[in-house]
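Each position in the sequence shown, counted from 1, maps to that position plus 19 in the working numbering. Beta carbons are placed, not taken as given, at the ideal position from N, Cα and C, and that holds for glycine. As the structure is a computational prediction, the values presented were derived from the model and not from experiment.
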Amino acid sequence: MESPRDLLRRRHRLLGPNTPTFYREPVHIVRGRGEWLWDRDGNRYLDCYNNVPHVGHCHPRVVAAIAEQAARLNTHTRYLHADILDYVERLTERFADPLASAMLVCSGSEANDVALRMARATTGRTGIIATDNTYHGNTDLISQLGSRTTPIGGYAPWVRHVPSPMGTRTADGEITADESSLFADFVQSAIGSLEEDGHGIAALIVCPYFANEGFPSLEKGFLDETAARVRKAGGLVIADEVQPGFGRLGSDFWGHQRLGFQPDIVTLGKPMANGHPVAGVVTSQEIMAEFRNAIPYFNTFGGNPVAVSAAAATLDVLDREGLVPRAQETGRYALDRLRAIEASHGAIRAARGAGLFLGAELVDAQGAPDRVLAGLLPDAMKRNGVLLNVTGRHRNILKIRPPMSIDKSGIDILCDTLMRVLDELT
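What follows is the structure in structure tokens.
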């Protein structure tokens, strides 16, 4: 059996340099079940990061749905099949009117790419606004919105970045003004700049949980003023639900419901079919028609029979096992435990989150972001059998997103291990 070092060498040779892996010493995972993963040596890891297997790794109902449909039929999407229509009906029932149409694709990147093109087709404008610490995917169009690396050739002239809500705070963490109005003012300024340059605004795209920005605690209605200004200028509002969607936040099925605003377009991805490659764009029948009539778009594999079966089975599991209300209950327990660690350990502060999307800031003795500790902690947790990672502007915010199947005993393992590792590293 090849060693991890040998696999890394082959990976470099066959897949190219800088192919991303988690951890300084990547783990060689060979099996998963529920919230647990096993490596090739039989070591078990509690998965507290991977939101792709939404209802648990290798859930038997989802696996059976994939296998049964693959044994019956799998082909491209230019034939008629009823399953996609049945699924879209079930999916759109979970949205408020007028979000009643959907297009299925293969990845969140594709979904966001299509959403931006929809906005442009509908508005006749080209300008896009995103936050300055975001990630929405890696197509050529979507890469223009990312903040971690500058696109080749620089940012396009039709892109504007605005400070994310966490970016409107002082270095001491104090709010400099009403964040809702301040964020709306930043967006208004970006709208004006796009109009001056002749682009106009097609869309504002945000993750309604501001996940990569560090998921700040925001009040319901935070985006109301911003959305009103975007629409007054003729633009649309896109909610990227790839991370917070499908009940992860516990209180609501969608992140935009929790924040209390109605998007014009919603994009879906990773957890939609428990890891099987399917994603989606949900919008009104009017916007869908504008796009379909303007662009003869098709997707060979998006919404194929096997993908739809996996997605439908994922909804079945969420409902039958009561995983959304369970996420709220388990999440409250987890947040209480994180806040207890915060109260007893100076290395973390501002524990926060909703449902099973949680975290806390790693800070030094002066309360500043501790990038050194943040760089060490994920690997130390991995060595102790728990997988998690960090996010945020300074890459110092713990990011905890376990499969929805995790229970309180799993949370205890996570928090007991976190406390022990913090003691070891500080």
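Given this structure, state the Cα-to-Cα distance separating residue i from residue j, to the nearest angstrom.
i       : j       : result
Lys-427 : Ala-353 : 8 Å
His-295 : Ala-326 : 7 Å
Ser-128 : Pro-421 : 22 Å
Ala-190 : Arg-368 : In this prediction, Ala-190 has a pLDDT of 42, which is less than 50 and means its spatial position is unreliable; nothing more can be read from the coordinates.
His-413 : Asp-204 : 24 Å
Arg-390 : Cys-67  : 20 Å
Gly-186 : Ser-200 : Low confidence applies to Gly-186: its pLDDT is 48, below 50, so where it sits in the model is not reliable, and the reading given next is rough at best. Roughly 14 Å between the two C-alpha positions.
Leu-433 : Gly-350 : 12 Å
Arg-50  : Gln-163 : 36 Å
Ile-284 : Val-178 : 19 Å
Val-81  : Leu-342 : 15 Å
Ala-332 : Ala-308 : 29 Å
Ala-379 : Leu-441 : 13 Å
Asn-152 : Ser-166 : 5 Å
Leu-34  : Leu-27  : 10 Å
Gly-505 : Ala-246 : This structure does not reach residue 505, given that the chain is present from 20 up to 445, and the question cannot be answered.
Leu-99  : Phe-310 : 21 Å
Pro-388 : Ala-101 : 52 Å
Phe-202 : Leu-375 : 26 Å
Arg-43  : Asp-398 : 7 Å
Gly-192 : Arg-91  : Legend: pLDDT at Gly-192 = 46, less than 50; position of this residue unreliable, no value from coordinates given.
Thr-302 : Glu-198 : 28 Å
Thr-436 : His-47  : 21 Å
Ala-366 : Arg-109 : 45 Å
Val-107 : Ala-84  : 17 Å
Asn-415 : Thr-169 : 21 Å
Give the DSSP-derived three-state secondary structure of residue i in the structure shown.
i       : result
Met-291 : helix
Pro-31  : Checking the sequence shown, residue 31 turns out to be His, not Pro. Of the three classes helix, strand and coil, the one that applies to His-31 here is helix, per DSSP.
Ser-212 : helix
Phe-310 : helix
Ala-298 : strand
Gly-394 : helix
Pro-23  : helix
Ser-200 : helix
Pro-388 : strand
Thr-150 : strand
Ile-171 : coil
Leu-164 : coil
Leu-237 : coil
Pro-86  : At residue 86 the sequence reads Ala, which differs from the Pro that was named. If DSSP states are grouped into helix, strand and coil, Ala-86 belongs with the helices.
Thr-449 : Here the chain has residues from 20 to 445 only, and residue 449 is not among them.
Thr-445 : coil
Ser-328 : helix
Thr-436 : helix
Ala-230 : coil
Hey, out of the options, whose CA is closest to residue i's CA?
i       : options                               : result
Asp-338 : Leu-201, Leu-65 and Met-423           : Met-423
Arg-63  : Val-71, Asn-70 and Gly-53             : Gly-53
His-78  : Thr-142, Arg-139, Leu-56 and Gly-254  : Leu-56
Met-137 : Pro-315, Ala-246 and Leu-27           : Pro-315
Ala-134 : Ile-257, Tyr-98 and Val-297           : Ile-257
Ile-377 : Ala-230, Glu-443 and Met-400          : The question names Ile, but residue 377 is Leu in the sequence shown. Checking every option, the nearest Cα to that of Leu-377 belongs to Ala-230.
Asn-408 : Gly-374, Phe-41 and Met-20            : Phe-41
Glu-215 : Phe-202, Pro-176, Ser-363 and Pro-182 : Pro-176
Ile-103 : Asp-60, Phe-310, Ala-359 and Pro-324  : Pro-324
Ala-384 : Lys-401, Arg-402, Met-400 and His-364 : His-364
Leu-287 : Thr-111, Ala-90 and Gln-88            : Thr-111
Asp-105 : Asn-293, Leu-27 and Leu-334           : Leu-334
Gly-211 : Ile-147, His-76, Thr-94 and Tyr-228   : Ile-147
Leu-268 : Leu-242, Tyr-228 and Asn-293          : Tyr-228
Arg-144 : Leu-396, Gly-253 and Ser-22           : Gly-253
Ile-306 : Ala-115, Arg-29, Thr-142 and Arg-113  : Thr-142
Ala-359 : Ser-328, Met-400 and Met-438          : Met-438
Glu-443 : Ile-425, Ile-419, Leu-396 and Leu-417 : Leu-396
Return the Cβ separation of residue i and residue j in integer angstroms, given the expectation that the two are a contact with Cβ distance under 8 Å.
i       : j       : result
Gln-347 : Ser-270 : 6 Å
Asn-70  : Gln-276 : Not really, about 18 Å apart at Cβ, beyond 8 Å.
Gly-429 : Gly-233 : That pair is no contact at about 24 Å.
Ala-313 : Ala-140 : 4 Å
Gly-264 : Pro-290 : 7 Å
His-180 : Asp-259 : About 15 Å separates the two Cβ atoms, so there is no contact after all.
Ala-393 : Leu-381 : 5 Å
Glu-361 : Ala-373 : Not a contact, Cβ separation roughly 17 Å.
Leu-237 : Pro-184 : 6 Å
Val-225 : Thr-150 : 7 Å
Gly-322 : Thr-96  : 5 Å
Arg-30  : Thr-38  : 6 Å
Val-124 : Asn-318 : 5 Å
Val-297 : Ala-330 : 5 Å
Can you check whether the C-beta of residue i is within less than 8 Å of a C-beta belonging to chain C?
i      : result
Arg-80 : No chain C appears in this structure, which consists of one protein chain only.
**Prompt:** Which residue spans inside the region 406-431 form an unbroken alpha helix (DSSP H) run of at least 4?
**Reply:** Given a length threshold of 4 residues, the region 406-431 has no whole run of the alpha helix (DSSP H) inside it.
**Item:** Entirely enclosed alpha helix (DSSP H) segments - the region 92-146, minimum 4 residues
**Value:** DSSP runs (the alpha helix (DSSP H)) wholly in the region 92-146: 101-111 and 127-142.
**Request:** List in chain order: all unbroken alpha helix (DSSP H) runs of 4+ residues lying wholly within the region 331-384.
**Result:** Secondary structure remark: continuous alpha helix (DSSP H) runs of at least 4 residues inside the region 331-384, in chain order: 342-363.
**Item:** Complete alpha helix (DSSP H) runs within the region 239-277 (minimum length 4 residues, chain order)
**Value:** DSSP runs (the alpha helix (DSSP H)) wholly in the region 239-277: 243-251.
**Request:** Any chance you could list the beta strand (DSSP E) runs of at least 3 consecutive residues sitting entirely within the region 44-73, in chain order?
**Result:** Counting only runs of 3 or more, we get 48-52, 55-58 and 63-66.
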